[in-house]
Amino acid sequence: MAGLRKLDGKIVIISGGASGIGAEAVRLFTDHGAKVVILDLQEELGQNLAVSVGQDKSTFYRCDITNETEVENAVKFTVESMARHVAEAALFLASDDSAYVSGQNLAVDGGFSVVKPMAIKLEGKIVIITGGASGIGAEAVRLFTDHGAKVVILDLQEELGQNVAVAVGLDKACFYRCDITNETEVENAVKFTVENYGKLDVMFSNAGVMEMLGSFLDLDLEMFDRTMAVNVRGAAACIKHAARAMVEKGTRGSIVCTTSVASEIGGSGPHAYTASKYALLGLVKSACGGLGKYGIRVNGVAPYGLSTGMTSHDEESVKFVEGYCAATAILKDVVLKTRHVAEAALFLASDDSAYVSGQNLAVDGGFSVVKPMAIETGCVDIEATGYNSLLSSRSESLSSARLWTSCWRGLHPGWLLFTRSISLLSMAALLAWDVFEWDTSIFVYYTEWTFMLVLLYFAMGIVASTYGCLEYSKEPTLECAEEFRQRLRVYGCFMETIFQTSAGAVVLTDVVFWLVIVPFLSDTHLGLNTLMICMHSTNAGFLLIDTLLNGIPFPWFRISYFVLWSCIYIIFQWIIHACGFTWWPYPFLELDKPLEPLWYLCMTMIHIPCYGAYAAIVIAKNSCFQCVFPNAFVKL
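What follows is the structure in C-alpha cells.
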C-alpha cells in the first residue's frame with residue numbers, strides 16, 4: 001500500500017526541538033514526510049537529533065526565540081534553504097539534464113515513499129460504528145477499514161448499510177441491523193461482534209437524529225422524546241454494553257461519541273437536539289470517570305454544522321447548508337466535510353490518543369471559542385444570525401430563498417412584501433385608468449404588454465414574499481416545508497425569468513418612448529399626456545426599487561427570453577393584421593415600408609444594449625453597495 005503521509009511536502013519549524021516533546025515531534029513529523037528545521041539553544045543536542053533522523057529530513061538552526069531578529073532570520077533561513085531542495089529537483093527536470101526523463105514523479109523525500117510503510121492506526125482492532133450507513137458514520141467506516149480495523153456497521157438503513165459494507169469489502173466490514181433505542185438490540189449487536197471477532201476495541205457511537213428548527217413555543221415533545229431516546233439513551237446503551245464487553249475481555253478500549261458544537265455553546269435551536277447533545281457530553285464525562293479504572297477511554301467529537309443525510313436531502317439543500325455554515329464559520333476557505341470529522345474520530349479511537357479521555361474534541365474551526373466571546377461583547381446579533389446566513393448561502397443554482405430574502409442583512413422579508421404590494425396596487429390602478437381612458441384596444445401596444453408582465457412579476461413576488469414572512473416567523477412542519485420547497489423550485493425559476501424579461505422590456509419600452517416616439521412620432525394617436533408619462537415612469541421606478549432590495553441574480557443567458565417575448569408581440573401584430581386590423585401601433589413595424597427590414601434589424605439589435613443596461617445596474621448595485629456598506633449588503 002502507498003505511504004499515508006500526513007505532512008508530505010510540508011516545511012515545519014519546531015522551536016525547542018532539541019529535547020522532550022519537541023524532539024519527539026521532530027521524529028514524528030519527519031516520519032510523516034515533513035522537512036523540519038529545529039530551533040533551539042542546545043546546539044549539540046539539536047545537531048545530534050538532526051543527524052539521527054537524517055539531515056536530508058531536518059536541520060538545526062541555533063535561535064533564541066526571545067530575540068525577534070533571530071526568529072525572523074530563522075524563518076528566512078527555512079524559506080530559503082528548505083525550499084532549495086525542491087527547486088533543484090525542478091531545475092533538473094526543466095533542463096536538458098533530464099532530456100530522456102518524462103512521465104516521472106521525482107520524489108524529494110529522502111526515500112520516505114520507498115521505505116516507509118503505511119501508518120496503520122487500527123491494525124487488528126475491532127470496531128462498532130452506529131449510524132454507519134451514511135454521513136459521518138459511512139465515512140468513518142471507510143477510514144477505519146483503511147487503517148486496518150474490522151468494522152461492524154449498526155444502522156436501521158439496511159440497504160445503505162449493506163452497500164457500505166460491500167463497498168469497503170465484506171472481509172473488512174459487515175452490517176448488523178440495530179435500533180439503538182432498544183437496549184436488547186444493542187446488547188445483541190455487541191454480542192454478535194464479540195462472538196464473530198473475539199473482542200471489541202472501539203465503540204464509535206455516532207447515530208443521531210435532529211428535529212426541524214423552530215420556536216421553543218411550538219416545541220414538539222414527542223419529537224423531543226424521540227431525539228433524546230436516540231441521541232442520549234441510545235448512546236448510553238452503546239457505552240454500557242461496549243464497556244462491559246471490553247472489561248470482560250480485559251481490553252483497554254476506546255469509546256467515541258459524536259456530540260456537537262451545540263453541546264458547548266447551545267444556540268437558538270433545534271432545541272431537542274441541543275438539549276440531547278448537552279446531555280450526551282455529560283454522559284461522556286461521567287463515563288470517563290467511571291470507566292477510567294478499567295483503562296477505557298471515553299471522548300466526544302464535536303463537529304460544527306456540515307452537510308449530511310440528517311441536514312441535507314438533495315443538491316440544493318446541500319449547497320444551502322454548506323452556504324449557511326460558511327457564512328457563520330470562523331475558519332474561512334475550508335468547508336467542513338464528513339472526512340474531517342472521521343479523521344478526528346480516528347485519532348480518538350487509535351492509540352495516538354492513548355492518554356486522552358473525557359475530552360470533547362471540537363471540529364469547528366474555532367467557532368466554539370470565538371463565537372461566545374463575540375456574542376458576549378455584542379459583536380454578533382443572535383437573532384439576525386440565521387437570516388443573515390441564509391442570505392450568504394445563495395449559490396449559482398436556483399435557491400428558493402432568494403425569491404423573498406433581501407440583499408440587505410437583517411431586512412425582514414416583510415419589507416419586500418410591502419414594496420411589491422404597493423407596486424402592484426399602483427400599477428394596477430394605472431392600468432385600469434389606461435383601459436378606462438382608451439378601452440381594451442390599448443393592449444395592442446408593447447407598453448401595455450410590458451406593463452402586464454411587470455404586474456405578473458409583482459403578483460408572483462407577493463406570493464413568494466408571503467411565504468417568506470411565514471417561514472421567517474414560524475418554521476413549518478417537515479412535510480409541508482419539503483412539499484412547498486419542491487413546488488417553489490419551478491415557481492422560482494419562472495418568477496426569475498419573468499423578472500429578467502420584464503427588466504429588459506421596460507428599458508426597451510422607455511427607450512423607444514422617450515427617444516423615438518416623443519421626439520419624432522407624437523401625434524393624436526401617440527400623444528403625450530399625464531397617463532402615458534406615469535406609465536412610462538412607474539414601470540421602471542417600481543422595478544428599480546425592487547431590484548435594489550431583492551436578491552435575484554441577472555444572468556446574461558436570460559436575454560433569450562427577452563427576445564422571445566418581443567418576438568411573440570411581433571407575431572401577435574402580424575396575426576391581428578392578417579385578420580383585418582388596419583393600423584399599426586408603431587409605424588416602424590409596418591411591413592410595406594421600403595426600409596422595414598432595416599428597422600426590424602435595428603429593433604432586434606437594440607435588445608442587447610437594453611438588457612445590458614439593466615444588467616449593468618445590477619452589477620453596479622453589487623459593486624458599489626458592497627464597497628459602501630460592506631457589513632450590511634450581501635453580494636449576489
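Quick note, the sequence shown lines up with residues 1 to 636 if you use UniProt numbering.
Cβ coordinates follow ideal geometry from the N, Cα and C atoms, glycine included.
Remember, it's a predicted structure, so these values are computed and weren't measured experimentally.
DSSP places serine 15 outside any alpha helix (DSSP H); the residue lies instead in the beta strand (DSSP E), whose first and last residues are 11–15. Phenylalanine 633 sits in a strand when the DSSP states are folded into three classes. Residue pairing for arginine 62: DSSP places it in a beta bridge opposite Asp40. Non-local beta-carbon contacts of lysine 121 in its own chain, meaning distances under 7 Å to residues more than five positions away in sequence, involve His147, Leu346, Ser350, Asp352 in chain order. C-alpha of proline 270 to C-alpha of threonine 145: approximately 33 Å in a straight line. For methionine 203, the beta-bridge partners assigned by DSSP are Ile128, Ile255. For isoleucine 11, the closest alpha carbon among the candidates Lys332, Val26, Ile21, Lys150 is that of Val26.
Fewer than three beta-carbon pairs drawn from the segment 212–230 and the segment 251–264 are found closer than 8 Å, and the two stretches are therefore not classed as touching. For leucine 598, the number of other beta carbons within 10 angstroms of its own is below 16, and it is reported as exposed.
Collapsing the DSSP output to three states places tryptophan 415 in a helix. Collapsing the DSSP output to three states places isoleucine 153 in a strand. Note that the C-beta distance between valine 363 and asparagine 299 is not below 7 Å.
At the C-beta level, alanine 615 and phenylalanine 554 come within 7 Å of one another. A straight-line Cα-Cα distance of about 44 Å links serine 254 and glutamate 80. Segment contact: the segment 186–195 against the segment 209–218, fewer than three CB-CB distances shorter than 8 Å; contact not assigned.
In this structure, isoleucine 296 and lysine 199 do not form a Cβ contact; the two beta carbons are roughly 13 Å apart against a cut-off of 8 Å. With respect to alanine 464, tryptophan 404 sits close: the two C-beta atoms are nearer than 7 Å. By the CB criterion at 7 Å, isoleucine 180 and glycine 234 fall inside the cutoff. Contact between tyrosine 467 and serine 502 is ruled out by a C-beta separation of about 21 Å, above the 8 Å threshold. Between the beta-carbon of isoleucine 65 and that of leucine 39 there is about 7 Å, and that keeps the pair under the 8 Å contact cut.
When only Cα atoms are considered, serine 15 and leucine 45 end up about 13 Å apart. In this structure, asparagine 196 lies away from glycine 137, with their beta-carbon atoms at least 7 Å apart. Under the DSSP definition of a beta bridge, valine 301 partners with Thr258, Leu361. For tryptophan 408, the pairing in a beta bridge is given by DSSP as Phe633. The alpha-carbon of phenylalanine 588 is positioned some 11 Å away from that of leucine 601. Contact between isoleucine 462 and arginine 420 holds, with the beta-carbon distance rounding to 5 Å and staying under 8 Å. In terms of Cβ geometry, threonine 547 and threonine 450 do not form a close pair [threshold 7 Å]. The three-state secondary structure of alanine 173, taken from DSSP, is strand. In this model, threonine 184 and lysine 240 are separated by some 12 Å (Cα to Cα).
Pairing tryptophan 438 with glutamate 448, the inter-Cα distance amounts to about 12 Å. When the five nearest sequence neighbours on each side are left out, no beta carbon in the same chain lies closer than 6 Å to the beta carbon of isoleucine 576. Classified as buried, aspartate 201 has 16 or more neighbouring CB atoms from the shown chains inside 10 Å of its CB. The Cβ atoms of isoleucine 545 and tyrosine 611 lie no closer than 7 Å to each other. Just so you know, the alpha carbons of leucine 470 and isoleucine 552 end up roughly 20 Å apart. Exclusion of the five residues before and after tyrosine 569 leaves Tyr446, Trp449 as the residues of its chain whose Cβ lies within less than 8 Å of its Cβ.
In the three-state reduction of the DSSP assignment, asparagine 182 falls in the coil class, being assigned neither a helical nor a strand state.
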